[in-house]
Amino acid sequence: TDSSGNRSLLILTKSATDGYRHLVLAKHLLRCKTCYGTMAGPDGGVPEIKIVNGVLTVEELWGSRETVSTRLSFRYDLRFKRMALIGEDVETTDRVTGITNRTSSNFLTGIKLTETEYPNQKRIQKAKKQRIAKIKRFIDDIDYEKY
702 TDSSGNRSLL ILTKSATDGY RHLVLAKHLL RCKTCYGTMA GPDGGVPEIK
752 IVNGVLTVEE LWGSRETVST RLSFRYDLRF KRMALIGEDV ETTDRVTGIT
802 NRTSSNFLTG IKLTETEYPN QKRIQKAKKQ RIAKIKRFID DIDYEKY
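Residue 819 in the numbering used here is what sits at position 118 of the sequence shown, and the numbering runs on without skipping anything.
Right under this line is the structure:
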């Protein structure tokens with residue numbers, strides 16, 4: 702976190718010979734501490750960052766009446782020698798009406814699923830499946846302000 706509250710994610714990788722080496726610095730991936738709205742609580746928001754089976758996952762929840770939850774998944778791409786976005790899950794919820802929209806994009810398969818839940822009507826709109834471009838996006842190119 703810098704003096705203005707902006708956060709960066711530094712990823713290091715273990716070197717076979719001399720400790721660790723710099724892999725990437727993602728300067729715009731993470732929200733600032735106060736960018737989470739009322740969902741953050743009095744101490745500010747905190748992203749959840751995990752690495753499981755070689756996949757780095759970053760989850761954030763922010764908003765007030767309307768909340769947004771994102772889960773971005775990255776894997777190291779040997780061809781480009783960069784951390785590539787392989788999955789993007791976004792859920793928006795209106796906390797008054799309860800209506801929730803979900804999208805799940807898999808950039809490896811080129812499939813995007815969307816659905817809407819209407820809790821007052823006790824129904825979920827059937828998930829729609831569509832083809833999307835298998836575009837390469839990298840962790841250091843992601844900007845949280847675009848979500």
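Idealized CB from N, CA, C, for every residue including glycine.
- Sixteen is the threshold: since fewer than 16 other Cβ atoms of the shown chains lie within 10 Å of the Cβ of Val756, the residue is exposed.
- Between the beta-carbon of Glu767 and that of Asp795 there is about 5 Å, and that keeps the pair under the 8 Å contact cut.
- Looking at the backbone, the Cα of Tyr721 and that of Ile750 are separated by about 20 Å.
- Tyr848 sits in coil when the DSSP states are folded into three classes, being neither helix nor strand.
- Per DSSP, His729 is not a residue of any beta strand (DSSP E), being assigned neither H nor E.
- Between Ile712 and Leu724, the beta carbon gap of about 5 Å places them in contact (Cβ cut-off 8 Å).
- Boundaries cannot be given for Gln826, as no beta strand (DSSP E) includes it and DSSP labels it neither H nor E.
- Straight through space, the alpha carbons of Ser806 and Ile825 are spaced by roughly 19 Å.
- Counting along the chain, Ile800 sits inside no beta strand (DSSP E), nor does DSSP assign it H or E at all.
- By DSSP's assignment, Phe839 forms a beta bridge with Ala785.
- The alpha carbon of Leu779 has as its nearest neighbour, out of Tyr848, Phe839, Thr718 and Tyr845, the alpha carbon of Phe839.
- Fewer than three beta-carbon pairs drawn from the stretch 815 to 832 and the stretch 760 to 774 are found closer than 8 Å, and the two stretches are therefore not classed as touching.
- Residue state for Gly755 is assigned as coil, using DSSP reduced to three classes.
- DSSP places Thr739 within a helical segment (H, G or I) once states are collapsed to three.
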